[in-house]
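Peer 1:
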Amino acid sequence: MALLEIENVTRSFYGVNALNGVSLSVAGAGITGLIGPNGAGKTTLFNCISGVIPPDGGRIVFDGADIAGRRPDQITNAGLVRTFQIARGLQRMSVLDNLMLYGADQPGESIWHALVRTPVSVSREKELVDRALAIAARLNLMRVIRNPASDLSGGQKKLLEIGRALMAQPKMILLDEPVAGVNPTLAREIGEHLTSLARDGLPILLIEHHMDMISRLCDHVIVMAEGRHLAEGRFEEVADNAQVQQAYMGRRWKSAG
Amino acid sequence: MEHYLVAMGVTAGIYALMALGMNVIWGMAGLINLGLVGFFAVGAYTSGILTLKFGWPILAGIAAGTLVASLFGVFVALITVRLRGDYLAIVTLGFAETMRIIMSNELWIANGTDGLSGIPGPFRQALGPHAFNLQFLAIVIVAVAILFVLLQRLTRSPFGRVLRGIREDEQVVQVAGKNVVMFKVKAFAVGTAALGLSGALYGHFTSYIAPDLFAPLLTLYIKLSLLSGGLGNNVGAVVGAVLVVFFLESTRFVIPYVPELSAVQGAALREILIAVALLLILRIRARGLIPEKVGDFPLPEPTRASQPLKP
Numbered sequence: 313m314a315l316l317e318i319e320n321v322t323r324s325f326y327g328v329n330a331l332n333g334v335s336l337s338v339a340g341a342g343i344t345g346l347i348g349p350n351g352a353g354k355t356t357l358f359n360c361i362s363g364v365i366p367p368d369g370g371r372i373v374f375d376g377a378d379i380a381g382r383r384p385d386q387i388t389n390a391g392l393v394r395t396f397q398i399a400r401g402l403q404r405m406s407v408l409d410n411l412m413l414y415g416a417d418q419p420g421e422s423i424w425h426a427l428v429r430t431p432v433s434v435s436r437e438k439e440l441v442d443r444a445l446a447i448a449a450r451l452n453l454m455r456v457i458r459n460p461a462s463d464l465s466g467g468q469k470k471l472l473e474i475g476r477a478l479m480a481q482p483k484m485i486l487l488d489e490p491v492a493g494v495n496p497t498l499a500r501e502i503g504e505h506l507t508s509l510a511r512d513g514l515p516i517l518l519i520e521h522h523m524d525m526i527s528r529l530c531d532h533v534i535v536m537a538e539g540r541h542l543a544e545g546r547f548e549e550v551a552d553n554a555q556v557q558q559a560y561m562g563r564r565w566k567s568a569g
Numbered sequence: 383m384e385h386y387l388v389a390m391g392v393t394a395g396i397y398a399l400m401a402l403g404m405n406v407i408w409g410m411a412g413l414i415n416l417g418l419v420g421f422f423a424v425g426a427y428t429s430g431i432l433t434l435k436f437g438w439p440i441l442a443g444i445a446a447g448t449l450v451a452s453l454f455g456v457f458v459a460l461i462t463v464r465l466r467g468d469y470l471a472i473v474t475l476g477f478a479e480t481m482r483i484i485m486s487n488e489l490w491i492a493n494g495t496d497g498l499s500g501i502p503g504p505f506r507q508a509l510g511p512h513a514f515n516l517q518f519l520a521i522v523i524v525a526v527a528i529l530f531v532l533l534q535r536l537t538r539s540p541f542g543r544v545l546r547g548i549r550e551d552e553q554v555v556q557v558a559g560k561n562v563v564m565f566k567v568k569a570f571a572v573g574t575a576a577l578g579l580s581g582a583l584y585g586h587f588t589s590y591i592a593p594d595l596f597a598p599l600l601t602l603y604i605k606l607s608l609l610s611g612g613l614g615n616n617v618g619a620v621v622g623a624v625l626v627v628f629f630l631e632s633t634r635f636v637i638p639y640v641p642e643l644s645a646v647q648g649a650a651l652r653e654i655l656i657a658v659a660l661l662l663i664l665r666i667r668a669r670g671l672i673p674e675k676v677g678d679f680p681l682p683e684p685t686r687a688s689q690p691l692k693p
């Protein structure tokens, strides 16, 4: 069974059906691309999976448990962590603090442990610092580790989004347009980071509009249109699919064949 | 004059306690609480009633005032959990006014607008007025110091980090795996406990409390303290509170020297000066005299050199 199984998920906003019963499954390895024209419901689906917006109906099974309608923090703690399309750095916090915030199981987040500085909370903090620095080193964020997140460049903010997700020790990450608005050189670099994460055993589900990124990175591509699953397969296969072309380009009235 | 300075010192200390409490809710967690004076009143009345009518020892009264204000804080946090910004501000402002109006009209609780008089102070008779004030100044300074150390620990802890995260972007903190509602409630509980403590101390110091002491203007003075000192920063909260009391009191002496001004006009001019001071601070140093620093918190040294990461 796939790691993430989505069955017949629906969600509407004031009568507009953003998701019309979408069903798809994401394997527990490699990079899966989620593409589709604007308004296909990709980001809404991400919001439903991550609990930011509860779905109206359907089942979302992650790692054997139905997580549909749970709170975002419960879903993150179950091992499914998402990033945001527009990088949402915690502006007046340092890069390190941004990373540390995503650390799980920190007893120091309770008032008593914080006041007393219990040994468990201090040693957990050490582990989290280790992890945060390792992630920062891996993502080339060491130079800015003490800077406020507001000082980062657009590309660095995208890297920080990925880094924060990694801090939570995820079993799978959902990336919403990790290279949108990033210059081509950095986009390639981010792509390499993702490939290497996937190679290290972290499954990734990725929304992206840059087709060259998708073709380069993704082992498997799922196409959504009008709130439904439309097609899936290897990138070349879905790119050749007439329905997919139609969804992106529109219908041709006088087809020459 | 010396008596006056000591009394002002106590006032400044009590303002500092309030500013420290407010800083947890507003400065750290970013939740606007305009009901500050309501929690201050809850602390003052609880301790006043218990010591005066039920003969509780003063320390027990102060502890009860702190605890009850904190319980009110939890209650208000729970009913406002889905509110932010202006809406939260209005509801909390409404809470404080509700408290004041209840205390004015429900005579059986604490004599309505006549207020409670004769609230006992520690060793008031034995010491005489001047020594009593000096002693109270020492008590307040110790209270500020203890609260400062405790809150400084909270600020620099993982708990403080989550609160700052909520201030910046609540949804990101949820996705980070934190139960945001619980943290907001805890921020209110801690902050309003400090407000209750300051109220209780105030009652035992002046020996008299009445509903009209708990008007919204006091809330604004504390907001002004935080804004001028540096929001989100415990040192700034204390410095700001002392500055505001100094400013409020020193203008008392300056105004009479302004020619052609009646006493009423002079009083109005003081309020105008306070408004001007706030505008100037926000214009020149929007983050306050001692701005909150980003990323200066001491973290434990990493135990190992950074190593390749396995997710």
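Read top to bottom, the protein sequences are chains U and W. Under our numbering, think of the first position of the first sequence as 313, with each following residue one higher. Under our numbering, think of the first position of the second sequence as 383, with each following residue one higher. All C-beta atoms, glycine included, are put in the ideal place defined by N, C-alpha and C.
Just to make sure I have the definition right: I need the residues of chain U whose C-beta is within less than 7 Å of the C-beta of K568/W. Which are they?
Peer 2: Within 7 Å Cβ-Cβ: I423.
Peer 1: Within 10 angstroms of its Cβ, does G513/U collect 16 or more other Cβ (buried), or is it exposed?
Peer 2: Under this definition G513/U is an exposed residue.
Peer 1: For A499/U, which residues of its own chain have a beta-carbon under 6 Å away from its beta-carbon, when the five flanking residues on both sides are left out?
Peer 2: Closer than 6 Å at Cβ, skipping near neighbours: V491.
Peer 1: Does the distance from the CB of F457/W to the CB of F421/W come in under 8 Å?
Peer 2: No, they are not a contact pair.
Peer 1: Beta carbon of I663/W, beta carbon of R652/W: below 8 Å?
Peer 2: No, Cβ-Cβ distance for I663/W and R652/W is not below 8 Å.
Peer 1: Just to make sure I have the definition right: I need the residues of chain W whose C-beta is within less than 9 Å of the C-beta of T388/U. Which are they?
Peer 2: The contacting residues are Q556, V557, A558, G559 and K560.
Peer 1: Check whether the stretch 545–562 of chain W touches the stretch 415–433 of chain W, counting contact only when three or more Cβ pairs, one atom from each stretch, lie closer than 8 Å.
Peer 2: No, the stretch 545–562 of chain W does not touch the stretch 415–433 of chain W.
Peer 1: Can you say whether L542/U is buried or exposed, counting buried as having 16 or more other CB atoms within 10 angstroms of its CB?
Peer 2: Looking at its Cβ environment, which holds 16 or more other Cβ atoms inside 10 Å, L542/U is buried.
Peer 1: What residue does the beta strand (DSSP E) around G545/U start on, and which one ends it?
Peer 2: Note, G545/U: beta strand (DSSP E), R540 to G545.
Peer 1: Would you mind working out which of R563/U, I526/U, V535/U and L316/U sits nearest P349/U, comparing C-alpha positions?
Peer 2: Minimum Cα distance to P349/U is reached at V535/U.
Peer 1: Can you have a look at R429/U and say buried or exposed, based on whether 16 or more other CB atoms are within 10 angstroms of its CB?
Peer 2: R429/U is exposed by the Cβ-count criterion.
Peer 1: Grab me the residues of N320/U's own chain with a C-beta within less than 6 Å of its C-beta, minus the 5 sequence neighbours each way, in chain order.
Peer 2: Counting only Cβ-Cβ distances below 6 Å, and skipping sequence neighbours, we find G333, S335 and G370.
Peer 1: Looking only at its own chain, which residues have a Cβ that is under 8 Å from the Cβ of A619/W, when we skip the five neighbours before and after it?
Peer 2: Answer for A619/W: A398, A401, L402, M404, N405, G409, S607, L608, G611 and G612, listed in chain order.
Peer 1: Looking at chain U, is there any beta carbon in it that lies within less than 8 Å of the beta carbon of G547/W?
Peer 2: Yes, because at least one Cβ of chain U sits closer than 8 Å to the Cβ of G547/W.
Peer 1: Could you check if R323/U is buried or exposed, using at least 16 other CB atoms within 10 Å of its CB as the buried criterion?
Peer 2: Buried.
Peer 1: Anything in chain U within Cβ reach of R535/W, meaning under 8 Å, just list it in chain order.
Peer 2: The contacting residues are A426, L427 and R429.
Peer 1: What are the residues in the stretch 472–490 of chain W lying within 9 Å of chain U by C-beta distance?
Peer 2: Within the stretch 472–490 of chain W, no residue qualifies.
Peer 1: Spatial neighbours of I591/W within its chain, please: C-beta separation below 6 Å, excluding the five flanking residues on both sides.
Peer 2: Only A426, G430, G497, L498 and G585 meet the Cβ criterion.
Peer 1: Provide the residue span of the alpha helix (DSSP H) that contains A426/W, from first to last.
Peer 2: Element bounds for A426/W: L418 to K435.
Peer 1: One question on the structure: do A698/W and L413/U come within less than 8 Å of each other, judged by their Cβ atoms?
Peer 2: The requested residue 698/W is not part of the displayed model; chain W covers only 383 to 693.
Peer 1: Taking all protein chains shown into account, decide if S433/U is buried (16 or more other Cβ within 10 angstroms of its Cβ) or exposed.
Peer 2: Buried.
Peer 1: Would you say M390/W and V554/W are within 8 Å of each other, going by their C-beta atoms?
Peer 2: No, the Cβ-Cβ distance between M390/W and V554/W is not below 8 Å.
Peer 1: For G532/U, which three-state DSSP category applies?
Peer 2: Reading off the sequence, residue 532/U comes out as His, not Gly. Residue state, collapsed to three classes: strand.
Peer 1: Could you confirm whether any beta carbon from chain C is found closer than 8 Å to the beta carbon of P349/U?
Peer 2: The displayed structure is made up of protein chains U and W, and chain C is not among them.
Peer 1: When you compare each of P460/U, G467/U and Q481/U to N452/U by their alpha carbons, which one comes out closest?
Peer 2: Answer by Cα proximity: G467/U.
Peer 1: What residue from A525/W, L602/W, F570/W and H512/W has the CA that sits closest to G622/W's CA?
Peer 2: Taking only the C-alpha atoms, the option nearest G622/W is L602/W.
Peer 1: What does a CB cutoff of less than 6 Å around L519/W pick up in its chain, not counting 5 residues either side in sequence?
Peer 2: For L519/W, where only same-chain residues beyond five positions count, the Cβ hits under 6 Å are V388, G391 and V392.
Peer 1: Output, in chain order, the set of chain W residues within a Cβ distance shorter than 8 Å of G420/U.
Peer 2: Correct list: S539, P540 and F541.
Peer 1: Helix, strand or coil for D463/U per DSSP?
Peer 2: Looking at D463/U - three-state DSSP - the assignment turns out to be helix.
Peer 1: Please report the straight-line C-alpha distance between V572/W and A459/W, rounded to a whole angstrom.
Peer 2: For V572/W and A459/W, the distance between alpha carbons rounds to 11 Å.
Peer 1: Going along chain U, which residues have a C-beta under 8 Å from V617/W?
Peer 2: Neighbours of V617/W on chain U: none; closest Cβ ~17 Å, over 8 Å.
Peer 1: Looking at the structure shown, is M484/U part of a helix, part of a strand, or coil, going by DSSP?
Peer 2: M484/U falls in the strand class under three-state DSSP.
Peer 1: Could you work out which residue in M479/U, P460/U, A399/U and E549/U is closest to R443/U when comparing CA atoms only?
Peer 2: Checking every option, the nearest Cα to that of R443/U belongs to M479/U.
Peer 1: Cβ of A339/U less than 8 Å from any chain W Cβ?
Peer 2: It does not: the Cβ of A339/U has no partner Cβ on chain W nearer than 8 Å.
Peer 1: DSSP three-state label for L465/W, please.
Peer 2: Reduced to three states, the DSSP call for L465/W is coil.
Peer 1: Can you tell me the Cα-Cα spacing of P690/W and A510/U, whole angstroms?
Peer 2: Note that P690/W scores 47 on pLDDT, short of 50, meaning its location in the model is unreliable and no value can be drawn from it.
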